[in-house]
Amino acid sequence: MKLSQFKFKLPEDKIALHPTKYRDESRLMVLHRNTGKIEHKMFKEVLEYFDDKDVFIFNDTKVFPARLYGNKEKTGARIEVFLLRELNEELRLWDVLVDPARKIRIGNKLYFGPDDSMVAEVIDNTTSRGRTLRFLYDGPHDEFKKALYELGETPLPHTIINRPVEPEDAERFQSIFAKNEGAVTAPTASLHFSRELMKRLEIKGVDFAYITLHAGLGNFRDIDVEDLTKHKMDSEQMFVDEAAVKTVNRAKDNGKNVCAVGTTVMRAIESAVSTDGHLKEFEGWTNKFIFPPYEFTVANSMISNFHMPLSTLLMIVAAFGGYEQVMDAYHVALKEGYRFGTYGDAMLILDK
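So the sequence shown is residues 38 to 389, counted in our numbering.
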């Protein structure tokens, strides 16, 4: 397929800048992929579509405060530093992006905090905006990490949510079951699940499986090729443990619904599938790129937000729900005033 097939006009006022007051009270569009039927619900009504021993697969990655602002030595220029991942605990090495990049060269020092107490030195160039920083910090690693994170802010994707970070973002840009730290963006479909909804699903007998995929900035990277087979995804670290494998495969073998909550979950489970269509344990990295047509093997239903035009996230959803049906559903969503993006509304795609 071609990139241009995923283009549609998205007015700016349709992009959600804030979450709904309550997590489970965003809107939910239900698309039945076998018939094309569309229903309009509230997210908490997702409960109606699942029964005893069905399974929801969640991504329990935890977002850390990855965006810092520092000053360059001598000039005092303000520099944004986006932490991607820690490369070496002992040496305090981090893989980062810097902006404006043209001003930051190897050997430069950057100062962070109101009293410039955190200092980092640029020791390598990795990409046009990528740098390796060494933080010059004496003291235990836990203390360093705490000090670093206190200087950071919630890494809202400013290409989508174009506003300053607010205190509520620290909680709302994180799922309630976030546990394993390592993501620089939230798995957005998970944000709709409240404690009350999880309890009600539990009472109904629905099982939960948790995998971890540390969602990175590749989710927002522009695709610069028209032929999608030539696009390379960024690699993301992921883990699928024995408990998740048992829960998911039991449901599959018993003909129950298996629902992938979000595109990160879908990519992870399709990266950790055995030849007989069962989920298998996995620890490593995935750069799997899913776009139509694609044969899915693990999940038979999916929850996802309404995504940006031309995004890899939209492509996964279109591959699962059927390209024409999903694009039609997006046009219905625009007409019906659904909210798009990270803090937007959700879509449930069902088999039946």
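Ideal Cβ placement from N, Cα and C applies to all residues, glycine included.
Contact between the region 101-116 and the region 139-150: three or more CB pairs below 8 Å? yes
Pick helix, strand or coil for Gly144, following the three-state DSSP scheme. coil
Per-residue DSSP class, three states only, for Tyr186: helix
Return the chain-ordered ranges of every alpha helix (DSSP H) run that is complete within the region 171-242 and spans a minimum of 4 residues. 178-188, 206-209, 232-240
Which residue marks the beginning of the alpha helix (DSSP H) containing Asn286, and which one marks its end? 279-290
Closest to Val363 by CA distance: which of Lys51, Phe328, Val335, Gly381 is it? Phe328
Secondary structure of Ala252, DSSP reduced to three states: coil
Going by DSSP, which residues form a beta bridge with Lys39? Asp264
So, helix, strand or coil for Tyr331, using DSSP? coil
Strand pairing of Met155, partner residues [DSSP]: Phe149
Tell me the rounded alpha-carbon separation between Val202 and Glu190. 7 Å
Quick check on DSSP: helix, strand or coil for Ala356? helix
Secondary structure at Asp91, three-state DSSP: helix, strand or coil? coil
Closest to Leu124 by C-alpha separation, out of Val156, Pro330, Arg139, Arg168, would be which residue? Arg168
Do Lys241 and Val282 have their C-beta atoms closer together than 8 Å? no
Taking buried to mean at least 16 other C-beta atoms within 10 Å of its own C-beta, is Asn291 buried or exposed? exposed
Out of curiosity, what's the CA-to-CA distance linking Asn256 and Glu126? 26 Å
Cβ distance (whole Å) where Met270 is taken to contact Lys182 below 8 Å: Going by Cβ atoms, the distance from Met270 to Lys182 rounds to 28 Å, so no, they are not a contact pair.
Nearest-angstrom Cα separation, counted from Val285 out to Gly314: 11 Å
Excluding the five sequence neighbours on either side, which residues of its own chain have a C-beta within less than 7 Å of the C-beta of His55, listed in chain order? Tyr380
Quick check: Thr312 and Ser341, are their CB atoms within less than 8 Å of each other? no
What do you get for Ala280, buried or exposed, if any count of 16 or more other CB atoms within 10 angstroms of its CB means buried? exposed
Proximity below 8 Å, CB of Ala220 to CB of His251: yes
Beta-carbon separation of Lys46 and Phe377 under 8 Å? no
I think Val67 touches Leu385, with their Cβ atoms under 8 Å apart; what is that distance to the nearest whole Å? 5 Å
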